[in-house]
Structures are given as structure tokens and as C-alpha cells.
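Notes follow once the structure below has been shown.
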Amino acid sequence: MPLQERRLGDRILHALDLALEQKHLEVAEHLAQALEAALTRFGGAGAVDHRDFTEAMALAFERLEALRREEHMMKP
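Using the numbering used here, read the sequence shown as starting at 5 and increasing by one per residue.
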């Protein structure tokens, strides 16, 4: 994803991808929460968010879930 993207959500998604690549679960968890917040905050009270949940976002959340499972299995 090019960093020329102007939307905050796109930049957070890029950072989330990096955290997942580096298997940094704690950072990825925070970034996933930030991405969810960024996607739902636009428009003010009562506004409907018209931004699509992209395939890249879905993939990132799938990768996050896989990392969670991996980390859970590694704990004694």
C-alpha cells in the first residue's frame, strides 16, 4: 500500500500490516483498535459510515486473529 494515501485509516492499516509482518501482537492489537475507531468516527453523531471495509482490511484482521492463535499456542 503506498504511503501517499491521505486517509488516516489507510495509514493505520499500513502500520498494522507492518506490525503483523514483524509479529508484534501488542502493537497490532492497538493498531486494529485505532483502525476501527478511524473507520467509525467520520460524520459525527448519528452519521452512517459509508466507507467500505476493504479486502485488505479483512485480510489484516484475519492475520491478526492468526497471530493471536499462534501466540496463545506458544504460552505454557
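The C-beta atom is built at its ideal place from N, Cα and C for all residues, glycine as well. From a predicted model like this one, the values you see are computed outputs, not experimental measurements.
What distance in whole Å lies between the Cβ atoms of Ile16 and Ala38, which are believed to be in contact at a cut-off of 8 Å? Contact between Ala38 and Ile16 holds, since their C-beta atoms are separated by about 5 Å, short of 8 Å.
Here's the rule: buried if 16 or more other CB atoms are within 10 angstroms of the residue's CB, otherwise exposed. What is Asp56? It counts as exposed.
Less than 8 Å between the beta carbons of Glu75 and Leu29, yes or no? It is a contact, given that the beta carbons lie within the stated cut-off.
Starting from the C-beta of Leu35, find all residues in its chain whose C-beta is less than 7 Å away, skip the five residues before and the five after it, and write them out in chain order. The answer, listed in chain order, is Ile16, Ala19, Leu20 and Ala23.
Just how far apart, CA to CA, sit Pro80 and Arg67? Between Pro80 and Arg67, the alpha-carbon positions lie close to 22 Å from each other.
Straight-line gap, Asp14 to Leu43 (C-alpha atoms, nearest Å): Approximately 10 Å between the Cα atoms of the pair.
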